[in-house]
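Quick note: the sequence shown uses our numbering, first residue 1165, plus one each step.
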Amino acid sequence: MIAAAGFAAVAAHAQVGVSIGINQPGVYGQINIGGGYPPPVLVSPQPVIVAPVPGVAPAPPIYMYVPPAYEEHWGRYCARYGACHRPVYFVQEQWVHDRYQHYHPEWRGDRGARHGYRDDRHPPRRDDRHTPPPSY
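Written as structure tokens, this is what we have:
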């Protein structure tokens, strides 16, 4: 009896934590949001369920960050994420970008491009399309 009470206390304590898991912008997938965080900014206030299971209560909704084409045709892509039978909320890209920037201030959304930066690992490309033909 005491062991069961101790286990229940540990289990209750484990549920108190908060977490947020956001991939780098451009890396798509599920966003895990624990208690204590404000809800994400959604593309639509209504969840999308592609294939509800009859007679079964729907699973809790999940938050997904996917390309716009996937949102528009979610029935084609939901299986890739194992989310066809679940309510799905699509999260706006700007929200993902802002949250990632908040938690990773060193990240630059321009992928490291800097004025005057040149990648010396490869020789420069030649583009002769705009060079006039030689005159003989």
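Virtual Cβ for every residue (Gly too), placed ideally from N, Cα, C.
Everything numeric in this text was worked out from a predicted model, so none of it was measured.
If you draw a straight line from the C-alpha of residue i to the C-alpha of residue j, how long is it?
i	j	result
Gly1199	Pro1232	27 Å
Glu1270	Tyr1245	29 Å
Glu1257	Glu1236	15 Å
Pro1216	Ala1243	13 Å
Pro1202	Gly1219	32 Å
Considering only their Cβ atoms, is the gap separating residue j from residue i smaller than 7 Å?
i	j	result
Val1260	Pro1211	no
Val1255	Tyr1234	no
Val1214	Cys1248	yes
For residue i, count the other beta carbons within 10 Å of its own beta carbon; 16 or more makes it buried, fewer makes it exposed. Which is it?
i	result
Arg1240	exposed
Pro1209	exposed
Pro1204	buried
Tyr1229	buried
(message) Counting beta carbon pairs with one atom in the region 1193-1201 and one in the region 1216-1223, are three or more of them shorter than 8 Å?
(response) no
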